[in-house]
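Here the sequence shown stands for residues 276 to 658, numbered as in my numbering.
Each residue gets a CB set at the ideal place from its N, CA and C atoms; glycine is no exception.
Quick caveat: nothing in here was measured; it's all calculated off a predicted structure.
A short write-up of the structure that comes next.
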Amino acid sequence: MVFRDRLTLILFCLVPFVVIVGGIIHEGQRASMSLAGVAIIGAFIKNNWIRAFIWYWLVWIIFMLLMTQLGKLPPPFSQKAFYMTSYMISAFVFFLAMQESMIKIEYVYNVICFTAIIQALLAICQMWALDPFFDMMKTYANVKKLLDVTETTGSLGNNNFLAFYLMVSMPFFFRRYWCLFIPVLFAVVLSSITSTAIVAGMTGAAYYFRKKVKLRWMVLVALPLIGWLLFSKASLTWNFTWDHDRFHWWRSAIMLWKESGPGGWILGFGPTMSWGRNFPIHNEWLTALFNFGIVGVVLIIGYIVTAYRKNRILNTAIIIASITFISSYPMHLAPTVTLIMIILGLMEREKHGDRHINRNRALDWANSVTAKIQNSLETQAKA
Numbered sequence: 276m277v278f279r280d281r282l283t284l285i286l287f288c289l290v291p292f293v294v295i296v297g298g299i300i301h302e303g304q305r306a307s308m309s310l311a312g313v314a315i316i317g318a319f320i321k322n323n324w325i326r327a328f329i330w331y332w333l334v335w336i337i338f339m340l341l342m343t344q345l346g347k348l349p350p351p352f353s354q355k356a357f358y359m360t361s362y363m364i365s366a367f368v369f370f371l372a373m374q375e376s377m378i379k380i381e382y383v384y385n386v387i388c389f390t391a392i393i394q395a396l397l398a399i400c401q402m403w404a405l406d407p408f409f410d411m412m413k414t415y416a417n418v419k420k421l422l423d424v425t426e427t428t429g430s431l432g433n434n435n436f437l438a439f440y441l442m443v444s445m446p447f448f449f450r451r452y453w454c455l456f457i458p459v460l461f462a463v464v465l466s467s468i469t470s471t472a473i474v475a476g477m478t479g480a481a482y483y484f485r486k487k488v489k490l491r492w493m494v495l496v497a498l499p500l501i502g503w504l505l506f507s508k509a510s511l512t513w514n515f516t517w518d519h520d521r522f523h524w525w526r527s528a529i530m531l532w533k534e535s536g537p538g539g540w541i542l543g544f545g546p547t548m549s550w551g552r553n554f555p556i557h558n559e560w561l562t563a564l565f566n567f568g569i570v571g572v573v574l575i576i577g578y579i580v581t582a583y584r585k586n587r588i589l590n591t592a593i594i595i596a597s598i599t600f601i602s603s604y605p606m607h608l609a610p611t612v613t614l615i616m617i618i619l620g621l622m623e624r625e626k627h628g629d630r631h632i633n634r635n636r637a638l639d640w641a642n643s644v645t646a647k648i649q650n651s652l653e654t655q656a657k658a
């Protein structure tokens with residue numbers, strides 16, 4: 276019996292007795308079942324770095340729930356911890372589904388391209404003050420749009436989120452026929468004036484085509500785009516100063532982390548702790564450092580350094596995502612986090628599939644060597 280099977284049975288036995296939160300027994304048991312689900316998902320994930328990160332997150336959630344029970348943290352932390360637990364389970368279910376899936380990888384690529392095209396078409400409609408998605412939402416929900424009616428947001432509610440989604444999806448268009456849609460995707464992203472996503476997309480394209488296109492041609496193409504981007508930013512928002520809100524947010528989070536002492540530096544503040552505002556830090560790398568400390572960041576970097584790189588499309592998508600993490604929070608949004616989890620799950624499936632192929636080759640080689648030795652021995656015996 277493998278470890279994950281033993282873990283499932285052990286947690287099955289523990290759930291009725293591990294009552295973590297709530298004055299009513301069955302509420303505490305429901306919490307235990309959710310936490311057990313996270314532990315089991317971690318056990319079924321093959322990558323050691325991701326498994327360690329999931330269990331590290333789980334230990335933090337349990338600790339914060341216990342601190343709430345002991346009165347060391349306010350009661351709302353229990354509710355937030357449950358929300359984070361359910362979010363984590365849902366996200367990694369997509370990872371696990373792709374890791375274990377038998378579907379052809381080209382089919383998954385096509386679905387990713389199809390969803391990106393839908394988002395791009397919605398954005399083009401929004402350029403003309405037409406928003407079919409928002410109009411549909413208004414028929415059954417009381418919703419309002421915070422951005423201008425002509426902002427390109429697709430169904431993601433924000434131009435930065437849409438730009439991230441399209442740029443991470445772009446490497447999957449580097450294939451026959453699908454490449455015809457790349458100008459449309461890039462035009463929509465340019466209209467969003469989302470600097471990080473544009474730079475990330477250009478970097479990803481340079482990485483993907485580095486062996487086919489010479490460096491000087493890449494530079495010639497990039498310079499006009501960078502110039503246009505800087506001009507747009509200077510005239511609309513940043514004015515080339517460090518006085519942008521996000522820099523202040525990042526500085527605030529870093530200062531809180533620095534003032535926390537050795538324990539905070541190493542372990543962080545925990546996944547449910549706020550950095551002082553009611554919205555994310557707008558930087559996933561700083562969020563990891565603030566919430567999980569140096570330990571969490573090391574686990575994430577460890578995964579990136581050892582990630583499977585033989586699939587150029589998937590690797591390019593992760594490079595683009597890693598760059599856009601600098602100024603956005605796509606891991607906190609359902610559409611973008613599911614896209615990332617599907618890509619990571621496919622990478623893990625390809626990695627282990629490649630190992631299986633290599634093992635088969637090694638076995639074939641060993642069998643051929645054994646056969647030659649046997650033939651040699653038989654020949655000598657006959658002689």
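Subject >> Same chain, Cβ closer than 7 Å to M402, five either side skipped, listed in chain order >> reply: T425, T427 and S466
Original post:
Rounded to a whole number of angstroms, what is the C-alpha to C-alpha distance between V277 and A318?
Top reply: 10 Å
**OP:** Tell me the start and end of each unbroken alpha helix (DSSP H) in the region 306-344 that is at least 4 residues and wholly inside, in chain order.
**Re:** 323-344
Original post:
Which of helix, strand or coil does DSSP assign to A416?
Top reply: coil
**OP:** Go to D406, then tell me how far its alpha helix (DSSP H) extends in each direction, as first and last residue.
**Re:** No alpha helix (DSSP H) holds D406; DSSP gives it neither H nor E.
Original post:
Going by other Cβ atoms of all chains shown within 10 Å of its Cβ, with 16 needed for buried, is N247 buried or exposed?
Top reply: What is shown of the chain runs 276 to 658, which leaves residue 247 out entirely.
Original post:
Is N435 closer than 8 Å to S597 when the C-beta atoms are compared?
Top reply: no
**OP:** Go to D280, then tell me how far its alpha helix (DSSP H) extends in each direction, as first and last residue.
**Re:** F278 to L289
**OP:** In the DSSP assignment, find the alpha helix (DSSP H) that holds E534 and state where it starts and stops.
**Re:** Counting along the chain, E534 falls outside any alpha helix (DSSP H), and DSSP gives it neither H nor E.
**OP:** With distances taken Cα to Cα, identify the nearest neighbour of L397 among N385, D410 and R279.
**Re:** D410
**OP:** Leaving aside the five residues before and after K420 along the sequence, list all residues of the same chain whose C-beta is less than 7 Å from its C-beta, in chain order.
**Re:** F409
Original post:
Out of F522, W525 and N566, which has the shortest C-alpha to C-alpha gap to I542?
Top reply: Correcting the residue identity first, residue 542 is Leu in this sequence and not Ile. Nearest of F522, W525 and N566 to L542, Cα basis: N566.
**OP:** Measure the beta-carbon distance from P605 to T611 and round it to whole angstroms, keeping in mind my assumption that it falls under 8 Å.
**Re:** 4 Å
Original post:
According to DSSP, is W550 helix, strand or coil?
Top reply: coil
Original post:
Alpha carbon to alpha carbon, what distance is there between Q374 and E623?
Top reply: 6 Å
Original post:
Can you give, in chain order, each stretch of the alpha helix (DSSP H) that sits fully within the region 344-408 and has at least 4 residues?
Top reply: 351-375 and 380-402
**OP:** Please go through the same chain and pick out, in chain order, the residues whose beta-carbon is closer than 6 Å to the beta-carbon of A582, but skip the five residues on each side of it.
**Re:** none
**OP:** Pick helix, strand or coil for V474, following the three-state DSSP scheme.
**Re:** helix
Subject >> A327 vs L619 beta-carbon contact at 8 Å >> reply: no
Subject >> Local Cβ density within 10 Å of L561, reported as buried at 16 or more and exposed below that >> reply: buried
Subject >> Contacts around I594, its chain only, beta-carbon distance under 7 Å, and the 5 residues preceding and following it disregarded >> reply: T478, G479 and Y482
Subject >> Local conformation of G620 per DSSP, three classes >> reply: helix
Subject >> S444 and C388 closer than 8 Å at C-beta >> reply: yes
Subject >> Short Cβ contact (8 Å threshold) for W330 with G545 >> reply: no
Subject >> G303 in three-state terms, based on DSSP >> reply: helix
Subject >> Y440 (DSSP reduced to helix, strand or coil) >> reply: helix
Subject >> Boundaries of the alpha helix (DSSP H) in which G568 is found, first to last residue >> reply: E559 to T581
Original post:
Between which two residues does the alpha helix (DSSP H) harbouring L460 extend?
Top reply: I457 to S467
**OP:** Could you pull the start and end residues of the alpha helix (DSSP H) that S602 belongs to?
**Re:** Looking at the DSSP string, S602 is not in any alpha helix (DSSP H), and its letter there is neither H nor E.
**OP:** Measure the alpha-carbon distance for V459 versus L564 and round it to whole angstroms.
**Re:** 36 Å
Subject >> Rounded straight-line distance, which links the Cα of E302 to that of I378 >> reply: 38 Å
**OP:** Check each candidate in F449, S309 and K355 and name the one with the smallest Cα separation from K487.
**Re:** F449
Subject >> S365 classed as buried or exposed, judged by whether at least 16 other C-beta atoms fall within 10 angstroms >> reply: exposed
**OP:** Give the single residue among R584, I601 and T547 whose Cα lies nearest to the Cα of F352.
**Re:** T547
Original post:
Cβ of V294 within 8 Å of Cβ of S307?
Top reply: yes
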